[in-house]
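**Q** In UniProt numbering, the protein residues as written are 1 to 477.
#1: Tell me, to the nearest whole angstrom, how far the beta carbon of residue 322 is from that of residue 439; I am working on the premise that it is less than 8 Å.
#2: Taking Cβ positions only, does residue 276 come closer than 8 Å to chain C?
#3: Mind checking which residues open and close the alpha helix (DSSP H) that includes residue 253?
#4: Given a cut-off of 8 Å on the beta-carbon distance, is the pair residue 174 and residue 166 in contact?
#5: Below 8 Å CB to CB, which residues in the same chain sit around residue 282 once its five sequence neighbours on both sides are set aside?
#6: For residue 274, tell me which candidate among 237, 328 and 384 has the shortest Cα-Cα distance.
#7: Does the pairing of the region 333-340 with the region 292-309 give three or more beta-carbon distances under 8 Å?
#8: Using the Cα positions of residue 233 and residue 240, report the straight-line distance between them to the nearest angstrom.
#9: Mapping DSSP to helix, strand and coil, what is residue 161?
#10: From residue 117 to residue 389, what does the alpha carbon distance come to, in whole angstroms?
#11: Tell me whether residue 315 sits in a helix, a strand or coil according to DSSP, three-state version.
#12: Compute the Euclidean distance between the alpha carbons of residue 354 and residue 229, then round it to the nearest angstrom.
#13: Measuring alpha carbon to alpha carbon, tell me which residue in 394, 395, 376 and 397 is nearest residue 387.
#14: Return the chain-ordered list of same chain residues with a C-beta closer than 7 Å to the C-beta of residue 256, the five sequence neighbours on each side being excluded.
#15: The beta strand (DSSP E) that contains residue 300, what's its start and end?
#16: For my contact list, residue 454 and residue 402 are in at a C-beta cut-off of 8 Å; report their separation, rounded to the angstrom.
#17: List the residues that DSSP assigns as beta-bridge partners of residue 262.
#18: Can you tell me which of the three DSSP states residue 426 falls into?
#19: Are the CB atoms of residue 415 and residue 379 nearer to each other than 8 Å?
#20: When we look at the beta-carbon of residue 99 and count the other beta-carbons within 10 Å, is it buried (16 or more) or exposed?
#21: Would you give the residue range spanned by the beta strand (DSSP E) that residue 482 belongs to?
#22: Using only the alpha-carbon positions, how far apart do residue 205 and residue 449 sit?
#23: Taking the DSSP output, what are the residues bridged to residue 442?
#24: Have a look at 394, 350 and 428 and flag the residue whose alpha-carbon is nearest the alpha-carbon of residue 486.
#25: I'd like to confirm something about residue 394: is its beta-carbon nearer than 7 Å to some heavy atom of the ligand SAM, or not?
#26: In three-state terms, what does DSSP make of residue 127?
#27: Identify, in the order they occur along the chain, each residue of the same chain with its Cβ nearer than 7 Å to the Cβ of residue 284, setting aside the five sequence neighbours on each side.
#28: Keeping to the same chain, check which residues put their C-beta closer than 6 Å to that of residue 89; ignore five residues upstream and five downstream.
#29: From residue 171 to residue 425, what distance separates their C-alpha atoms?
#30: Three-state secondary structure (DSSP) at residue 289?
#31: Starting from residue 104, follow its DSSP beta bridges and name the residues at the other end.
#32: On the criterion of 16 or more Cβ atoms from any shown chain inside 10 Å, does residue 369 qualify as buried, or is it exposed?
#33: Determine the DSSP secondary structure at residue 447, reduced to helix, strand or coil.
#34: According to the neighbour-count rule (16 or more other Cβ atoms, all chains shown, within 10 Å of its Cβ), is residue 147 buried or exposed?
#35: To the nearest angstrom, report how far apart residue 10 and residue 324 are at their CA atoms.
#36: Closest by CA to residue 447, which one among 184, 105, 227 and 430?
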C-alpha cells in the first residue's frame, strides 16, 4: 500500500500552499490510524501520501448525500399500523418531502422494499403495485401483490373516488416543502397478510428504495419510533397508531447523474463581454443526438413526446445542458442594484412543473423586491442569510415550457446595498452557487467573470509598473 502511495503523480495536482516547515505524514504503523507532524525533508513520499489522503477525502465526501444548503433535507416514509387483521395488519404509509427546494416531478415517485417473511398485499387504496407476482397458490380471494419485493406507484389524478385516499392520486408528484407544504405529502393505505399480528411478531420490511423519478435517493433501514398521534375531526380526542416505523431517504446528485443538468452564464452592464456556460458543462456524449433549432425533424409527429426513460432531446449547444440560467447585473443605483435572471429550457421533451431556482449570494440578505417570480429566503443556518429560492407564481409561470419560443422565463431582482460589502470588483456581484430543481449547476471559472473596465487583469500590474518605470527613466535621461 505504501509503495502505491509513493508512486502517485503530482503533475496535474495543485495542492494548497503548506507551511515550509511541516507536512502531514502517516504514522509508521498503519494500525494506529494517527497522523503526526513531521518536517518536509521526507520529500516526495510525504507529499504522495498527502495527495492520497486528499483523493480519499474528495471521494468519500462526493458520494455523501449531505447538502450544505439543505442539511436536514430528506424524504421520510412513515408506516402507521392502524388495525390488526386475522393474518396481518392495515397500515397507512405517508411520504413527507422535507427537502427545502428539491421536489419529485412527473412521472412521480416509485417506492420499493423487500418483505422480511412471506407477506402479501391483500389490497391497496390510493396506490398500486406495478406487478402482481405469482399468486397461484391462493384460491378464492386473490391478493393484490404476492411479490417478495413489491414496487409501488401513486395513482393518477381522476382516480375514482372509492379508490382514493387522503393525499393520494397526484401521479407521484411531490412539491418541495418550502414551495408548497400541503403538496409535499403523499399517502396510501395497504392491507398486509401472512404477517405478524402483534407489535412483537411484526417484522419490518427492509431494503427500501425510492426513485424520484430517477435514481439519486438512498434509503436507510426502517426504525421503530413512538406511535403517531391523530386528532379526531372535532379536535377533541387524540388517538394513536398501534405501531409506527420510519424510513429516511436522502438525495445525492453524484448518485443521480455523472454530469450536471444545468449551467450558468454571466453578463453585466459594465462589460460588453458575455461569459457563456463552460463547454460540455453537462457532458458531450449525446452531442451527435442533439437537434438544431431549424431542423426539419420538428415536422415529424411525436418528436416532442416524452419517453418512458425520460431520454432528452436537446437543442445543439456548446454546453449541451438541458437548462441554462443567466445572471445579468443590470443596473447600479445609489442605494440599490438590480439583477436580471433568465432560465432557458433546451430540452424539447421536457416541461418543468413546479420548478425551483436556488441562488447563494451574500446580498440576498437584503432583497427589496422580486419581479415575476415568487421568492423565499432559505436559512439553513440561523446566523447566515445568503441563500434564497425563486419559483414560479401559481397559474402564471410555474411551468417552464419545452425548448422553443416559449421555453424561457425571466425576472428581475432589486437588492439594497450594504456599503460595507457591496462592490462590483472581482466578480462579487455574481452568485456563489446556483441550483435548478435541486441539482447544482456548473458555473463559469472565476477568472472569466466580467471585470470592471478600469480593473486590471492579473497579468497587467507588473506590465504597467515596467511601462511607467521605462517612462520615468526615459525622462530622466
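The C-beta atom is built at its ideal place from N, Cα and C for all residues, glycine as well.
**A** Here's the rundown:
#1: Counting from one through the chain shown, the residue named residue 322 turns up at place 322. Counting from one through the chain shown, the residue named residue 439 turns up at place 439. Not confirmed; about 10 Å, so no contact.
#2: Protein chain content of the structure displayed is limited to a single chain, and chain C is not contained in it.
#3: For the purposes of this step, residue 253 is taken as the residue at position 253 of the chain shown. That run of the alpha helix (DSSP H) goes 253-256.
#4: Within the chain shown, residue 174 is the residue found at index 174, counting from 1. Within the chain shown, residue 166 is the residue found at index 166, counting from 1. Taking 8 Å as the Cβ cut-off, residue 174 and residue 166 do not qualify as a contacting pair.
#5: To locate residue 282, count along the chain shown from 1; it is residue 282. Excluding positions up to five away in sequence, the list reads 259, 260, 261, 262, 263, 319, 320, 321, 322 and 442.
#6: Counting from one through the chain shown, the residue named residue 274 turns up at place 274. For the residues 237, 328 and 384, the minimum Cα distance to residue 274 belongs to 328.
#7: They do not touch, by the three-pair rule.
#8: Counted from its first residue, the chain shown places residue 233 at position 233. Counted from its first residue, the chain shown places residue 240 at position 240. Rounded to whole angstroms, the gap between the alpha carbons of residue 233 and residue 240 is 14 Å.
#9: One-based indexing of the chain shown puts residue 161 at position 161. Assigned with DSSP and collapsed to three states, residue 161 falls in helix.
#10: Translated into the one-based positions of the chain shown, residue 117 becomes position 117. Translated into the one-based positions of the chain shown, residue 389 becomes position 389. Whole-angstrom Cα-Cα distance: 45 Å.
#11: On the chain shown, position 315 is the one that residue 315 refers to. Collapsing the DSSP output to three states places residue 315 in a strand.
#12: Locating residue 354 in the chain shown gives position 354, where the first residue counts as 1. Locating residue 229 in the chain shown gives position 229, where the first residue counts as 1. Going by the C-alpha atoms only, they are around 31 Å apart.
#13: Within the chain shown, residue 387 is the residue found at index 387, counting from 1. Of 394, 395, 376 and 397, the residue nearest in Cα terms is 376.
#14: Stepping through the chain shown from its first residue, residue 256 is reached at position 256. Cβ neighbours of residue 256 within its own chain (closer than 7 Å, five residues either side excluded): 214, 215 and 216.
#15: For this step, residue 300 is matched to residue 300 along the chain shown. Following the DSSP letters along the chain, one finds residue 300 in no beta strand (DSSP E), marked with neither H nor E.
#16: Taking the first residue of the chain shown as position 1, residue 454 is located at position 454. Taking the first residue of the chain shown as position 1, residue 402 is located at position 402. Here residue 454 is actually not in contact with residue 402; their C-beta atoms are around 43 Å apart, not less than 8 Å.
#17: Position 262 of the chain shown, counted from the start, is the residue given in the question as residue 262. Its beta-bridge partners are 323.
#18: The residue you call residue 426 lines up with position 426 of the chain shown. Note: residue 426 maps to helix in three-state DSSP.
#19: In the chain shown, the residue the question calls residue 415 occupies position 415. In the chain shown, the residue the question calls residue 379 occupies position 379. Their beta carbons are not under 8 Å apart, which means residue 415 does not touch residue 379 by this criterion.
#20: Here residue 99 corresponds to residue number 99 of the chain shown, with the count starting at 1. Buried: at least 16 other Cβ atoms inside 10 Å.
#21: Outside the displayed span of the chain (1 to 477) sits residue 482, for which this structure offers no information.
#22: For the purposes of this step, residue 205 is taken as the residue at position 205 of the chain shown. For the purposes of this step, residue 449 is taken as the residue at position 449 of the chain shown. Taken atom to atom, the span from the alpha-carbon of residue 205 to that of residue 449 is near 52 Å.
#23: Walking along the chain shown from the start, residue 442 turns up at place 442. Residue 442 is bridged to 263.
#24: Residue 486 lies beyond the stretch modelled for the chain, which goes from 1 to 477, so this question has no answer here.
#25: What this structure holds is no ligand at all, so the ligand SAM is not there to describe.
#26: Numbered from its first residue, the chain shown carries residue 127 at position 127. If DSSP states are grouped into helix, strand and coil, residue 127 belongs with the strands.
#27: Within the chain shown, residue 284 is the residue found at index 284, counting from 1. The residues are 320.
#28: On the chain shown, residue 89 is found 89 positions in, with the first residue counted as 1. Within the same chain, Cβ atoms closer than 6 Å to the Cβ of residue 89 are found at 81 and 192, the five residues on either side in sequence being excluded.
#29: Within the chain shown, numbered from 1, the residue matching residue 171 stands at position 171. Within the chain shown, numbered from 1, the residue matching residue 425 stands at position 425. Looking at the two C-alpha atoms, the distance is approximately 48 Å.
#30: Numbered from its first residue, the chain shown carries residue 289 at position 289. In the structure shown, residue 289 sits in a helix (DSSP, three-state: H, G or I).
#31: Here residue 104 refers to the residue found at position 104 of the chain shown. In the DSSP assignment, the residues bridged to residue 104 are 174.
#32: The residue you call residue 369 lines up with position 369 of the chain shown. That one is exposed.
#33: Working through the chain shown from its first residue, we reach residue 447 at position 447. Per DSSP, reduced to three states, the secondary structure at residue 447 is helical.
#34: Here residue 147 refers to the residue found at position 147 of the chain shown. Only buried fits residue 147, as 16 or more other CB atoms lie within 10 angstroms of its CB.
#35: To locate residue 10, count along the chain shown from 1; it is residue 10. To locate residue 324, count along the chain shown from 1; it is residue 324. Note that residue 10 has pLDDT 33, beneath the 50 cutoff, so the model's placement of it is unreliable and the number below is only indicative. Distance between the alpha carbons of residue 10 and residue 324: 35 Å.
#36: Counted from its first residue, the chain shown places residue 447 at position 447. Answer by Cα proximity: 430.
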